[in-house]
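One structure is given below, encoded as structure tokens.
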Amino acid sequence: MSAAGDSAGWIALVALALGRAHASLPVLVVLYTAPVAIGGLAAGWALDRFDRRKLMIGDNVLRGAAFASIPLAALSGGPGAGQLYAVAVVYGLFKMIGLAGFPSLIPSLVSPDQIDQANALEGVTYGLASLAGAGLAGLAVATAGPVPVVAFDAASYLVMAVSLCSVRDLSSPARSRRAKGGAGATAGFRPVVRLALTSAVLRDTTIMFALFNVGDGALLVFLPHRAVQLGLGPGGYGYLVAATTGGELIAAAFLARRTWRAPLPASIIAAQIVAGLIASLFLVRSTAVTVAALVAIGMCAAPMTAWAQSLRMRLVPPEAHGRLFALLRTTMQATPPAGAALAALTLSHGTAVTVIAIAATMGLPAVLLAHGLTRGADVNRQTERLGPPVGR
């Protein structure tokens, strides 16, 4: 439900920003995405040292309260641009606790040979929630307005916090080892940073995804404009986001039911290149083409994430997963603000320039890094050098 609320809440924030003369959509995108660079590293350190359940409960309560402030403000005249920006900042600061926290739990819940399908299944549940949230938000914004949608988002955080209260044994591996008298994980980010820089798999996939997310950040600004161009109405942006999440869901559901046999590094490269090529279809100003392209991009993006996550879990011991996922995801999630700025600059020269920029940032990094990644991506050799795989 929290993922559905996140998706719906963003659609509503965009609608609120577009309806206020002094609010800027590119600024909102930057404030919604940039603070993860600050909060992400702190989240990774905390997830490996403290009770993950309590951290995630606190995260949901804080973000729920931030979003609840918007419908409360609506009772006395409505939120201003400053309040929208403040809510976006709170979301970005605490986003990584959940984004890194949930994946770090997967290796302790499944056997090593089930990790690929577990990651795909996580994508299915996230895709279902995001699809429902975006689609229903588009409909709700068009009929009831954005404020009730934000109220739903706030409620979803509180429901998630209550749900986590009933879950036990989510303390970090490092904390559990210390409690048993073990050495625990090495404190700090230095060993994780060194590992991320020396492993071709970790380093190159992170660079590729970070640049891919520049294009994704540009889409956050471009798609509301495309929805207006296509005459899709107040809920149009929500419908377009739902198309992307629908594609992600289709691909994630396929991977959850089947074992992927192809080499994961080569599969990631191919998916990212194809996504970049598909993005060029936005040059065609057509509802059908836009929706089809978004579905196809989602079908490329979801497997990329699941495959990369599986590689990382095999390369890094469990006690470092919190820091690793926070470090890598912070790096990758810190780049959408650059995409928002890129879209803001290029849209003044026409949407074609923006589309070309999106396609290039999504696809070219995989082309440039393909040779080095496939040459250095023997997972078994990397695993022997970096430590035992998960589950051994």
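Residue numbering for the sequence shown follows the numbering used here, starting at 229 and increasing by one per position.
Where is the CB? At the ideal position from N, CA and C, for every residue including glycine.
Since the model is a prediction, treat every value here as computed from it, not as a measurement.
Within 8 Å, strictly: CB atoms of residue i and residue j
{"i": "residue 268", "j": "residue 432", "result": "no"}
{"i": "residue 361", "j": "residue 232", "result": "yes"}
{"i": "residue 257", "j": "residue 475", "result": "no"}
{"i": "residue 535", "j": "residue 492", "result": "yes"}
{"i": "residue 426", "j": "residue 559", "result": "no"}
{"i": "residue 314", "j": "residue 248", "result": "no"}
{"i": "residue 465", "j": "residue 455", "result": "yes"}
{"i": "residue 443", "j": "residue 589", "result": "yes"}
{"i": "residue 374", "j": "residue 568", "result": "no"}
{"i": "residue 563", "j": "residue 438", "result": "yes"}
{"i": "residue 565", "j": "residue 242", "result": "no"}
{"i": "residue 468", "j": "residue 522", "result": "yes"}
{"i": "residue 520", "j": "residue 365", "result": "no"}
{"i": "residue 380", "j": "residue 593", "result": "no"}
{"i": "residue 621", "j": "residue 459", "result": "Since the displayed the chain opens at 229 and closes at 620, residue 621 lies outside it and no answer follows."}
{"i": "residue 185", "j": "residue 525", "result": "This structure does not reach residue 185, given that the chain is present from 229 up to 620, and the question cannot be answered."}
{"i": "residue 494", "j": "residue 602", "result": "yes"}
For residue j and residue i, the rounded distance between their alpha carbons
{"i": "residue 411", "j": "residue 424", "result": "Unreliable positioning characterises residue 411 in this predicted model, as indicated by a pLDDT of 42, which lies under 50. The coordinate reading is nonetheless provided below. Residue 411 and residue 424: Cα-Cα distance of roughly 22 Å."}
{"i": "residue 280", "j": "residue 545", "result": "17 Å"}
{"i": "residue 489", "j": "residue 483", "result": "11 Å"}
{"i": "residue 377", "j": "residue 368", "result": "7 Å"}
{"i": "residue 390", "j": "residue 294", "result": "17 Å"}
{"i": "residue 274", "j": "residue 530", "result": "27 Å"}
{"i": "residue 556", "j": "residue 542", "result": "15 Å"}
{"i": "residue 402", "j": "residue 307", "result": "Its pLDDT being 49, under 50, residue 402 is placed unreliably by the model, and the measurement read from it follows with that caveat. Roughly 43 Å between the two C-alpha positions."}
{"i": "residue 436", "j": "residue 296", "result": "36 Å"}
{"i": "residue 540", "j": "residue 421", "result": "13 Å"}
{"i": "residue 496", "j": "residue 596", "result": "13 Å"}
{"i": "residue 286", "j": "residue 388", "result": "10 Å"}
{"i": "residue 501", "j": "residue 277", "result": "38 Å"}
{"i": "residue 266", "j": "residue 528", "result": "29 Å"}
{"i": "residue 570", "j": "residue 394", "result": "44 Å"}
{"i": "residue 321", "j": "residue 511", "result": "34 Å"}
{"i": "residue 288", "j": "residue 300", "result": "18 Å"}
{"i": "residue 508", "j": "residue 477", "result": "22 Å"}
{"i": "residue 238", "j": "residue 384", "result": "13 Å"}
{"i": "residue 547", "j": "residue 317", "result": "29 Å"}
{"i": "residue 537", "j": "residue 305", "result": "45 Å"}
{"i": "residue 487", "j": "residue 282", "result": "34 Å"}
{"i": "residue 572", "j": "residue 234", "result": "24 Å"}
{"i": "residue 598", "j": "residue 584", "result": "21 Å"}
Continuous alpha helix (DSSP H) stretch holding residue i: start and end
{"i": "residue 464", "result": "464-485"}
{"i": "residue 453", "result": "428-457"}
{"i": "residue 289", "result": "280-302"}
{"i": "residue 386", "result": "374-393"}
{"i": "residue 529", "result": "515-543"}
{"i": "residue 271", "result": "264-275"}
{"i": "residue 574", "result": "564-574"}
{"i": "residue 502", "result": "492-507"}
{"i": "residue 255", "result": "253-261"}
Burial state of residue i, where buried means 16 or more other Cβ atoms lie within 10 Å
{"i": "residue 312", "result": "buried"}
{"i": "residue 326", "result": "buried"}
{"i": "residue 518", "result": "buried"}
{"i": "residue 580", "result": "exposed"}
{"i": "residue 549", "result": "buried"}
{"i": "residue 429", "result": "buried"}
{"i": "residue 473", "result": "buried"}
{"i": "residue 372", "result": "exposed"}
{"i": "residue 463", "result": "buried"}
{"i": "residue 485", "result": "exposed"}
{"i": "residue 418", "result": "exposed"}
{"i": "residue 513", "result": "exposed"}
{"i": "residue 552", "result": "buried"}
{"i": "residue 303", "result": "exposed"}
{"i": "residue 363", "result": "buried"}
{"i": "residue 576", "result": "exposed"}
{"i": "residue 591", "result": "buried"}
Whole-Å CB distance - residue i paired with residue j, under 8 Å assumed
{"i": "residue 586", "j": "residue 450", "result": "7 Å"}
{"i": "residue 264", "j": "residue 457", "result": "No, residue 264 and residue 457 are not in contact; Cβ-Cβ is about 30 Å, not under 8 Å."}
{"i": "residue 260", "j": "residue 291", "result": "At roughly 12 Å, the Cβ-Cβ gap does not stay under 8 Å, so residue 260 and residue 291 are not in contact."}
{"i": "residue 284", "j": "residue 392", "result": "5 Å"}
{"i": "residue 271", "j": "residue 324", "result": "4 Å"}
{"i": "residue 245", "j": "residue 236", "result": "Not a contact, Cβ separation roughly 15 Å."}
{"i": "residue 481", "j": "residue 532", "result": "The Cβ separation is near 16 Å, so there is no contact."}
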